[in-house]
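The next block holds one structure in the form of structure tokens; read it before the comments.
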Amino acid sequence: MTAVLNAFQSYETFYILGHEEPDADCLGSQRVLGSWLSRRGKKVHLCSAGPWKRPEIADWEKLFSSRVPVPETGENPLLVILDCSSPERTGFPESALPKGKSCVIDHHAAGRDFGDIRLVDSLSPSTTLLIQKLIEAAGDKPTKEEAEILFLGFCTDTGYFRHVEPGRSEPLEAVARLVEAGASPSETFRLLAGGRSLGSRKLLGRVLERAELYFGGRLVLTWETWKDWKELGSERDSDIMYQMLLSISGVEAAAVIREQNDGTCAIGLRSITNLDVSDIARFFGGGGHKKAAGCTTSGDLQDVTQHLLQIFADRLD
Numbered sequence: 000m001t002a003v004l005n006a007f008q009s010y011e012t013f014y015i016l017g018h019e020e021p022d023a024d025c026l027g028s029q030r031v032l033g034s035w036l037s038r039r040g041k042k043v044h045l046c047s048a049g050p051w052k053r054p055e056i057a058d059w060e061k062l063f064s065s066r067v068p069v070p071e072t073g074e075n076p077l078l079v080i081l082d083c084s085s086p087e088r089t090g091f092p093e094s095a096l097p098k099g100k101s102c103v104i105d106h107h108a109a110g111r112d113f114g115d116i117r118l119v120d121s122l123s124p125s126t127t128l129l130i131q132k133l134i135e136a137a138g139d140k141p142t143k144e145e146a147e148i149l150f151l152g153f154c155t156d157t158g159y160f161r162h163v164e165p166g167r168s169e170p171l172e173a174v175a176r177l178v179e180a181g182a183s184p185s186e187t188f189r190l191l192a193g194g195r196s197l198g199s200r201k202l203l204g205r206v207l208e209r210a211e212l213y214f215g216g217r218l219v220l221t222w223e224t225w226k227d228w229k230e231l232g233s234e235r236d237s238d239i240m241y242q243m244l245l246s247i248s249g250v251e252a253a254a255v256i257r258e259q260n261d262g263t264c265a266i267g268l269r270s271i272t273n274l275d276v277s278d279i280a281r282f283f284g285g286g287g288h289k290k291a292a293g294c295t296t297s298g299d300l301q302d303v304t305q306h307l308l309q310i311f312a313d314r315l316d
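Residues in the sequence shown are numbered consecutively from 0, following numbering that gives the first Met the number 0.
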């Protein structure tokens with residue numbers, strides 16, 4: 000953490016990026032780090048490749064650049080990548096990223112060993128928590144707006160506290176300070192749970208209807224097609240979907256395969272036991288956490304499903 004703070008003190012210009020398909024933990028980390036650095040007189044560029052599919056972050060799009068600006072002559076910026084540790088996960092060509100030193104702040108164990116300066120803590124429930132710790136370690140406190148954003152990011156990645164590991168009170172003590180600073184748990188819950196379109200609810204019903212059990216009911220698997228997206232819209236409520244799938248009696252893991260329009264499929268994986276789904280995602284070049292991971296792979300729905308089931312069979316059969 001000291002090396003990161005020293006770099007933040009030394010540099011004057013920062014390019015702050017996160018991963019594509021961003022959520023509130025990713026974008027919230029970018030926003031708050033950018034806000035805090037700006038308060039310290041630094042120049043900040045916030046960049047995101049999107050897409051902006053989640054209702055709780057849709058209003059933030061105007062705050063981010065959809066491309067990486069070219070540094071001005073004589074500028075020596077620090078590239079900061081948040082909530083992932085691979086440049087390709089940003090959605091921008093690596094050639095478009097500013098040259099020079101880079102810093103990675105992430106809470107995912109998987110990924111490239113990228114970054115001249117690294118703060119990677121796989122025990123942290125969210126990247127926003129790491130940003131909060133950096134601000135506090137520098138002797139500052141988040142503003143009310145920053146606290147609200149940090150709280151939203153924490154709730155996003157912990158399923159509103161459901162995924163906080165037992166025996167670890169420190170993360171909850173940290174978010175309690177955010178509430179003291181003005182973050183509202185009730186408003187955050189309404190933001191995460193409300194504002195959904197009718198199409199998203201119909202898509203949820205369609206995905207649940209297709210769900211099937213495997214390996215004696217230990218795995219539940221379902222799928223979406225590109226036609227579903229065109230008919231009902233791209234907005235989806237992944238948190239509720241996984242919550243409902245994992246609530247099925249006897250289920251230990253859930254897999255959702257989403258057909259893309261480019262000949263690939265995106266795979267989302269969740270676990271509520273000691274099954275490490277990030278290990279499964281790495282077979283397809285992805286990664287994530289032990290209990291939440293994802294990846295994208297080439298192939299049609301049928302082939303990807305069969306391949307995924309073969310990998311699960313080694314662990315559940």
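Glycine included, each C-beta is placed from N, C-alpha and C at the ideal position.
> Can you tell me whether DSSP reads A254 as helix, strand or coil?
Replying inline: strand
> Which one of A2, H107, P170, Q131 has the shortest CA to CA distance from K100?
Replying inline: A2
> From which residue to which residue does the alpha helix (DSSP H) around C154 run?
Replying inline: 143-156
> Where do the N-terminal and C-terminal ends of the beta strand (DSSP E) with C102 fall, by residue?
Replying inline: 101-105
> Which residue or residues does DSSP assign as beta-bridge partners of I247?
Replying inline: In the DSSP output, where bridge partners are listed per residue, I247 has none listed.
> Of all the options S28, P50, G204, which has the alpha carbon lying nearest to the alpha carbon of M243?
Replying inline: G204
> Three-state secondary structure (DSSP) at C264?
Replying inline: strand
> Rounded to a whole number of angstroms, what is the C-alpha to C-alpha distance between V67 and V250?
Replying inline: 43 Å
> Relative to the C-alpha of R269, which residue among L197, G284, C46, C294 is closest?
Replying inline: C294
> Beta carbon of S248, beta carbon of A108: below 8 Å?
Replying inline: no
> In terms of alpha-carbon separation, which member of E211, V69, R195, P54 lies closest to C46?
Replying inline: V69
> Do you know how far the Cα of S297 is from the Cα of S64?
Replying inline: 29 Å
>> In the DSSP assignment, the alpha helix (DSSP H) including G33 goes from what residue to what residue?
In response: 23-38
> When you compare each of V43, Y14, V31, W228 to F326 by their alpha carbons, which one comes out closest?
Replying inline: Any answer about residue 326 is impossible in this case: the structure gives the chain only from 0 up to 316.
> Going by DSSP, which residues form a beta bridge with F13?
Replying inline: V43, L77
>> Beta-carbon within less than 8 Å of M240's beta-carbon, same chain only, minus the 5 sequence neighbours each way: which residues are those?
In response: L203, V206, L207, V255
>> Cutting at 6 Å between CB atoms, please list the residues of its own chain near T221, excluding the five before and the five after it.
In response: V206, R209, A210, V255
>> Helix, strand or coil for Y241? Go by DSSP, reduced to three states.
In response: helix
>> Tell me the rounded alpha-carbon separation between N260 and W225.
In response: 6 Å
> What is the DSSP secondary structure of E223, counted as helix, strand or coil?
Replying inline: strand
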